Amino acid sequence: MERVVAQGEQVGLSLRRMAWQIAERGESFVVVGLEPRGSQLAQWLRALLEGVLQTAIPMGTLDVTLWRDDLHHHRKLRIPRPAHLPFAIEGQRIWLVDDVLYTGRTVRAALDALREWGRPAWVRLAVLVERRGLREFPIVPDCVGFVLDTAPEERVQVVLEPRPLIRLHATYE
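If you read the sequence shown in our numbering, its first letter stands for residue 20, the second for the next number, and so on.
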């Protein structure tokens, strides 16, 4: 079973709302996107934020593959991409961006990875989709596009090209 949760303009509206929520805090910050899809979302979010705030916002990308604690559970591992952090992490205010928050393991790995580059002033989390009720770590996003109540056998897929799409796949066995 498969159903489309949101697409096109729905995703665009949600990203614009997220940008305004972040901008309304009135703080200076950098954006770090988690590879692979979080980095593309971070680029879109940064462009929206730069339009709202009328200022350039530094952005970096981070692949947390090597910091994950569940590497041995994955059948298919992708080759990690090098981190691109063109600013110091020490004392930095960081908005971490990812596509889906599920167990919290990816965000925990990202926090571990960032710590190796320095000690940020704070890290806040923006996700396009929050899957509720299945968290393994006490991680709560600060800015969310969509909230979905899902079962463990369901999978959320964010497709960004050619047109944004959020799909819910159910694989009942």
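Don't be surprised by glycine CBs; every beta carbon is placed ideally from N, CA and C. All values derive from a computational prediction rather than experimental measurement.
Reduced DSSP secondary structure (H/G/I, E/B, other) of residue i
{"i": "Glu21", "result": "strand"}
{"i": "Leu145", "result": "Residue 145 is actually Ala in this sequence, not Leu. Ala145 falls in the strand class under three-state DSSP."}
{"i": "Leu34", "result": "helix"}
{"i": "Glu173", "result": "strand"}
Through-space distance from residue j to residue i, alpha-carbon basis
{"i": "Arg154", "j": "Thr169", "result": "11 Å"}
{"i": "Val166", "j": "Arg151", "result": "7 Å"}
{"i": "Ala128", "j": "Phe48", "result": "21 Å"}
{"i": "Ala102", "j": "Gln111", "result": "16 Å"}
{"i": "Arg44", "j": "Thr80", "result": "23 Å"}
{"i": "Ile41", "j": "Glu149", "result": "17 Å"}
{"i": "Gly70", "j": "Arg174", "result": "33 Å"}
{"i": "Ala61", "j": "Phe156", "result": "23 Å"}
Proximity below 8 Å, CB of residue i to CB of residue j
{"i": "Glu172", "j": "Gly137", "result": "no"}
{"i": "Pro105", "j": "Pro77", "result": "yes"}
{"i": "Glu21", "j": "Arg186", "result": "yes"}
{"i": "Leu144", "j": "Gln59", "result": "no"}
{"i": "Asp118", "j": "Leu147", "result": "yes"}
{"i": "Leu68", "j": "Ala38", "result": "yes"}
{"i": "Arg56", "j": "Val177", "result": "yes"}
{"i": "Leu120", "j": "Pro183", "result": "no"}
{"i": "Ile158", "j": "Val126", "result": "yes"}
Touch check for the region 21-31 and the region 45-53: three-plus C-beta pairs under 8 Å? No, the region 21-31 does not touch the region 45-53.
Write down every uninterrupted run of the alpha helix (DSSP H) in the region 112-156 whose length is 4 residues or greater and which is fully enclosed by it, in chain order. Restricting attention to alpha helix (DSSP H) runs no shorter than 4 residues, the region 112-156 encloses them at 124-136, ordered along the chain.
At 3 residues or longer, what runs of the beta strand (DSSP E) sit wholly inside the region 35-92? Counting whole runs of 3 or more residues, the region 35-92 contains the beta strand (DSSP E) stretches 49-53, 78-81.
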